[in-house]
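Last residue of the sequence shown? That's 482 in numbering that gives the first Met the number 0, and every number before it is there in order. Below is one structure; the comments refer to it alone.
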Amino acid sequence: MGDQLRVRFAPSPTGFLHVGGLRTALFNYLFARHNGGKFVLRIEDTDQTRKVEGAVENLISTLEWAGIHYDEGPHREGAHGPYIQSERLELYRQHARQLIDRGNAYRCFCTPERLEEARKRQLAAKLSPAYDRHCRGLPPAEVDRRVARGESHVVRMKVPTEGEMTFCDLIRGDVTIPYSVLDDQVILKSDGFPTYHLAVVVDDHLMEITHIIRGEEWLPSVPKHILLYQYFDWDVPKLAHLPLLLNPDKSKLSKRQGDVAVEDYRARGYLKEAIVNFVAFLGWNPGDEREIFSLDELVKEFSLERVGKSGAIFNVDKLDWMNFEHLRKKPEMEVLAMSKESLAQMGIDAKRFEDVYLLTVIRTMRDRVTFVSDFVEKSPYFFRPPTEYDPAVVKKRWKQESPDQMRKLAEEFSRLQQPRKEEYEAVLHRVAEKLNIHHADLIHAVRLAVSGVGAGPGLFDIVFILGKDETIRRINAAITTLK
């Protein structure tokens, strides 16, 4: 292997990118960037039955959207390509033949029916089902004869039948797995396609991968992989297995439980900065109280030493909070551009509003929104007059005397010349005193009239943004509508 640190993210193109996959990609990317190394994307598509059309393009576009740019991979060729396993089949076949020649692998002619029978016998005897090594000791002459006859067969690796393997994991320390729990794994299928185990070892070696960072679910496979490295006389890369992702109830996060595709969160309006920040904290932390990080800051801070062993809880409330914080940090003009897109999605023509107006709405709502869409959804009254009024608020806030009080207030508002926010407030207090009512009574009624709801930013902020004429128009509409 060369001197330069090299890591890889090697997903299967089976659909959308799972948040667990994004975490694996992110940790590899952060580790590479922090250490001045290279980040490789490799597509592991040897299981053609599970391949989904368009999945590779979708995967690449999601990584690029998140800012996780790979150095080598599909459409970004380097010296170690091709980076799609189905384009590397001859390499795997050569290496399988090499293992057979060295006596570390053998051809297996067992039919699916025979394997199923053996499995049933083992289950009946309360044994864990595993290949019974029926073909492991076949005489070479018989093997040659059956191959020459064109008999269908797979290639299996030889796993020691006793003893154990201990290896060092950068996150977990020493891990020991007995050989008795391992199978004589199929490494080349009858169709000439490799299984994951052969392909991953051959590719990681030929692509000069120095560190393998992946999910904990691959831990039981490590001894098979290390055996293959030893059979080929290759150096074993350093290994780091990331903790499982868990639901808040500590069950394993899985596709069956709903939204685990990054695209789902993207479609719901989460910012890429928030998603990346959140995913980085699934198993890693900076060692202090800080929680809000940009991608560049994560690169600067990241180390495998700060990745924990125990399962990481996927808490959507935490993701919402991070989205809120990242949205608050965004420059106003960027939020303005995103808000215009949001208005368009809701069928509102943003061109009807000047940028100055939209920026004032953004400043007023900034501390009340978690998503960009909230600027419109939580305050639609800034963009169109209310067509209905919250019945519960009407019942509580709109009294028999409200129409008369509103008329007097509208009359006073109409006398103002280009009023500031404070002037609206002063007028309302003055009218309340004249009418001998508490000013809160007027405030609640006006809020209902101009917004249709009972909560939101300060009333005088709303009235000032809408302007005098629009405010009076809405008060008069409420007087007419609310009997």
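The C-beta atom is built at its ideal place from N, Cα and C for all residues, glycine as well.
query: If we call anything under 8 Å between Cβ atoms a contact, is VAL334 one with VAL371?
result: A contact, by the Cβ cut-off of 8 Å.
task: State buried or exposed for ASN435, treating a residue as buried only when at least 16 other CB atoms are found within 10 Å of its CB.
output: Burial call: exposed.
query: Per DSSP, what kind of secondary structure is LYS377 in: helix, strand or coil?
result: In this structure, LYS377 counts as coil in the three-state DSSP scheme.
task: Give, in chain order, every unbroken run of the alpha helix (DSSP H) that is at least 4 residues long and sits entirely within the region 105-171.
output: List check, alpha helix (DSSP H) in window: 111-123, 139-147.
message: Here's the rule I'm using: 16 or more other beta-carbon atoms within 10 Å means buried, otherwise exposed. How should LYS223 be labelled?
response: Flag for LYS223 reads buried.
message: Please report the distance separating the alpha-carbon of TYR356 from that of GLU410.
response: C-alpha separation (whole angstroms): 25 Å.
- request: Please work out which residues of its chain come closer than 7 Å, Cβ to Cβ, to ASN103, disregarding the five sequence neighbours upstream and downstream, and give them in chain order.
  value: Exclusion of the five residues before and after ASN103 leaves MET156, LYS157, TYR230 as the residues of its chain whose Cβ lies within less than 7 Å of its Cβ.
query: Residues bridged to ARG7 by DSSP?
result: Per DSSP, VAL39.
field: For PRO247, the nearest candidate out of ASN34, GLU71, GLY453, LYS317 (CA to CA)
entry: Checking every option, the nearest Cα to that of PRO247 belongs to LYS317.
message: Suppose contacts are defined by Cβ-Cβ distances below 8 Å. Is PHE301 in contact with PHE30 by that definition?
response: Taking the C-beta atoms as reference points, PHE30 is found nearer than 8 Å to PHE301.
- prompt: In this structure, does DSSP put ALA95 in helix, strand or coil?
  reply: Here DSSP, grouped into helix, strand and coil, assigns ALA95 to helix.
- prompt: In terms of residues, what are the limits of the alpha helix (DSSP H) holding LYS328?
  reply: Under the DSSP assignment, LYS328 falls in the alpha helix (DSSP H) whose first and last residues are 315-328.
query: What residues in its chain sit with their C-beta under 8 Å from that of HIS285, if we drop five residues either side in the sequence?
result: First, the residue type needs correcting, since residue 285 is Pro and not His in the sequence shown. Answer for PRO285: PHE292, GLU300, ARG305, listed in chain order.
- prompt: Which residues in the same chain as ARG365 place their Cβ atom closer than 7 Å to its Cβ, once the five residues preceding and following it in sequence are excluded?
  reply: Hits under 7 Å: ARG327.
query: Over what stretch of residues does the alpha helix (DSSP H) that includes ARG213 continue unbroken?
result: ARG213 -> not in any alpha helix (DSSP H); beta strand (DSSP E) instead, spanning 210-214.
task: Out of LEU244, TRP283, GLN3, state which residue places its alpha-carbon closest to the alpha-carbon of GLY20.
output: For GLY20, the nearest C-alpha among the options comes from LEU244.
field: LYS482 - DSSP class collapsed to helix/strand/coil
entry: Note: LYS482 maps to coil in three-state DSSP.
field: Short Cβ contact (8 Å threshold) for LYS308 with ALA65
entry: For the pair LYS308 and ALA65, the CB atoms are not nearer than the 8 Å cut-off.
One or two residues paired with THR175 in a DSSP bridge: Answer by DSSP bridge pairing, in chain order: THR165.
task: Would you mind stating whether GLU262 and THR61 have Cβ atoms separated by less than 8 Å?
output: Yes; because the gap between Cβ atoms is below 8 Å, this pair is in contact.
- request: Name the residue from PHE15, ARG7, ALA123 whose alpha carbon lies nearest to the alpha carbon of TYR69.
  value: Between TYR69 and the set PHE15, ARG7, ALA123, the nearest pair of CA atoms involves ARG7.
query: When DSSP builds the beta bridges, which residues end up paired with ALA311?
result: Looking at the DSSP assignment, ALA311 forms a beta bridge with LEU244.
- prompt: Secondary structure at LYS541, three-state DSSP: helix, strand or coil?
  reply: Look at the range of the chain in this structure, 0 to 482, and you will see that residue 541 is not part of it.
Continuous alpha helix (DSSP H) stretch holding ILE291: start and end: Looking at the DSSP string, ILE291 is not in any alpha helix (DSSP H), and its letter there is neither H nor E.
message: Here's the rule I'm using: 16 or more other beta-carbon atoms within 10 Å means buried, otherwise exposed. How should LYS467 be labelled?
response: Only buried fits LYS467, as 16 or more other CB atoms lie within 10 angstroms of its CB.
- prompt: Does the separation of the CB atoms of VAL484 and THR470 fall below 8 Å?
  reply: With the chain covering only 0 through 482, there is no way to say anything about residue 484.
- request: Under 8 Å by Cβ, that's how I've got ALA349 and LEU342 pegged, so tell me the actual separation to the nearest angstrom.
  value: The distance from the Cβ of ALA349 to that of LEU342 is about 4 Å, consistent with a contact at the 8 Å cut-off.
message: Within 10 Å of its beta-carbon, does GLU71 have 16 or more other beta-carbons around it, so buried, or fewer, so exposed?
response: The residue in question, GLU71, is buried, as its Cβ has 16 or more Cβ neighbours within 10 Å.
field: Residue of ASN276, ARG362, TRP320, ARG5 minimising C-alpha distance to SER338
entry: Closest option to SER338, Cα to Cα, is ARG362.
message: Quick check on the DSSP output: what are the complete alpha helix (DSSP H) runs of length 4 or more inside the region 423-460, in order along the chain?
response: Qualifying alpha helix (DSSP H) stretches, in chain order: 438-450.
query: Residue range of the alpha helix (DSSP H) that VAL185 falls in?
result: No alpha helix (DSSP H) holds VAL185; the beta strand (DSSP E) holding it covers 185-187.
field: Own chain partners of ASP173 with C-beta closer than 7 Å, once the 5 adjacent residues on each side are dropped
entry: Excluding sequence neighbours, ASP173 sits near THR165, CYS167.
field: Cutoff 7 Å; reference PRO159; Cβ partners in own chain excluding five residues on either side
entry: Taken in chain order, the residues that qualify are TYR178.
task: On a CA-only basis, which of LYS37, ARG367, GLU296, GLN93 is nearest TRP320? Give me that one, please.
output: Closest by C-alpha distance to TRP320, out of LYS37, ARG367, GLU296, GLN93, is ARG367.
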